[in-house]
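Numbering (my numbering), first residue to last: 1 to 179.
Below is the structure:
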């Protein structure tokens, strides 16, 4: 008689798979927390500036009857960590904002400028210009409604700190080796 061979997952292999499944989301959360931790407390937060500018610019462009297909914004703090105002300093922090997008009929959209203040996901203050196919749609010093209620993350649930939230999706791909 021949010997039977069965494929069985070794306990240590199953444990490794569980660790990898749990470790990936934890590492992603640490990465997001680490990025947020790099932004100064009480100062500008580049992620919040980008998200708030994206949302308020989209609303302003739609009010100007621009048929938006997509729009995405980035924000970079000028001067890096040294841009953080020190105690008693009057230096204002500034974020360079660059938004790119497209109308439904294929025209390029840009929103560019600087932001000196972001108010809890409600508005950004600074100097911003929006163009569609090189035609200026707006040039503003305040984008959004700074007096509006804070954004929510769900029905009646205020966003933590009133700031826009960022959703992180982690995909883990498992590969199994057969014997």
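Even for Gly, the Cβ is constructed at its ideal location relative to N, Cα and C.
Item to check | Residues of its chain near residue 109, where Cβ-Cβ distance is below 8 Å and the 5 sequence neighbours each way are ignored | outcome: Counting only Cβ-Cβ distances below 8 Å, and skipping sequence neighbours, we find 61, 66, 68, 71, 99, 100, 101, 102, 103, 130, 131 and 132.
Item to check | CB of residue 73 within 7 Å of CB of residue 50, strictly | outcome: yes
Item to check | Expected contact under 8 Å - CB spacing of residue 113 and residue 126 to nearest Å | outcome: 6 Å
Item to check | Test item: CB-CB of residue 77 and residue 44 under 7 Å | outcome: yes
Item to check | Distance between beta carbons of residue 95 and residue 46, contact taken as under 8 Å | outcome: That pair is a contact at about 6 Å.
Next on the checklist: Within the continuous alpha helix (DSSP H) that includes residue 51, where are the two ends?
Outcome noted: Here the alpha helix (DSSP H) through residue 51 covers 46–63.
Checklist entry - For chain D, is any of its Cβ atoms less than 7 Å away from the one on residue 123? => result No chain D is present in this structure, which holds just one protein chain.
Next on the checklist: Just to check my reading of the structure: residue 92 and residue 116 have Cβ atoms closer than 8 Å, yes? What is that Cβ distance to the nearest angstrom?
Outcome noted: 5 Å
Next on the checklist: Please classify residue 54 as buried or exposed, where buried requires at least 16 other C-beta atoms within 10 Å of its C-beta.
Outcome noted: By the 10 Å Cβ count, residue 54 comes out buried.
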